[in-house]
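In the UniProt record's numbering, the protein residues as written are 1 to 175. Here's the structure we're looking at; comments come further down.
Take a look at the structure:
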């Protein structure tokens with residue numbers, strides 16, 4: 001829903017949490033209950049005695065909240081529509097046989113459905129789409145269909161995605 005869930009400000013010693021900031025009480029508290037609990041209490045008391053440390057922690061907490069809300073909207077909540085292209089490869093040992101690959105790329109969020117249609121009817125394929133990240137917060141996939149194409153046949157790659165009001169389609173036909 002885009003709400004900020006948590007802010008954590010912790011002082012660590014030897015990879016062990018020592019002192020934690022508690023935003024509810026706006027104070028530092030010991031978060032080590034082992035051998036260092038006494039030291040953690042002293043450090044927390046020292047930080048709490050200087051109001052500047054609490055003010056800094058609160059300022060960081062507010063900044064984190066504000067920035068997280070801003071960046072959440074421009075990253076995780078964004079919608080980027082896919083692009084599609086059909087690449088046909090004739091099969092050499094079978095007349096009129098062709099391998100059609102529907103490449104789908106550049107979309108976000110990753111949820112996508114890719115279907116093949118033959119003259120408007122859904123065709124089942126044995127190829128399952130494998131979703132791959134592009135590294136730029138977008139994704140790509142492809143689905144391949146091996147078909148025998150006659151003159152007048154139309155094969156359609158149909159892509160359904162949350163960024164689209166209706167499926168994005170590209171047609172391919174023999175000849």
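Think of the CB as a built atom: it goes at the ideal place given N, C-alpha and C, for glycine as much as any other residue.
A distance below 7 Å between beta-carbons, with the five flanking residues on each side excluded, links residue 164 to the following residues of its chain, in chain order: 81. Closest by C-alpha distance to residue 144, out of 59, 76, 102 and 54, is 102. Contact between the region 86-95 and the region 129-141 is absent: fewer than 3 CB-CB pairs across the two stretches fall below 8 Å. Assigned with DSSP and collapsed to three states, residue 37 falls in helix.
Contact annotation: residue 23 and residue 61 have beta-carbon atoms nearer than 7 Å. Closest by C-alpha distance to residue 86, out of 50, 51 and 142, is 142.
Bridge partners of residue 103 according to DSSP: 85 and 142.
In the three-state reduction of the DSSP assignment, residue 80 falls in the strand class.
Cβ-Cβ distances below 7 Å link residue 167 to 158, 159 and 160 in the same chain, with the five nearest sequence neighbours on each side left out; the list follows chain order.
Residue burial annotation: residue 32 is buried, with at least 16 other C-beta atoms found within 10 angstroms of its C-beta. Where residue 96 is concerned, there is no enclosing alpha helix (DSSP H), because DSSP gives it neither an H nor an E. Just measuring C-alpha positions, the residue of 73, 15 and 9 sitting nearest residue 57 is 9. Close CB contacts of residue 26 within its chain, under the 7 Å cut and outside five residues either way in sequence, are with 54 and 58 (chain order). Here residue 137 carries a coil assignment [DSSP, helix/strand/coil]. For residue 64, DSSP records no beta bridge to any residue. Selection 29, 107, 121 and 36 evaluated against residue 49 yields 29 as nearest (Cα-Cα).
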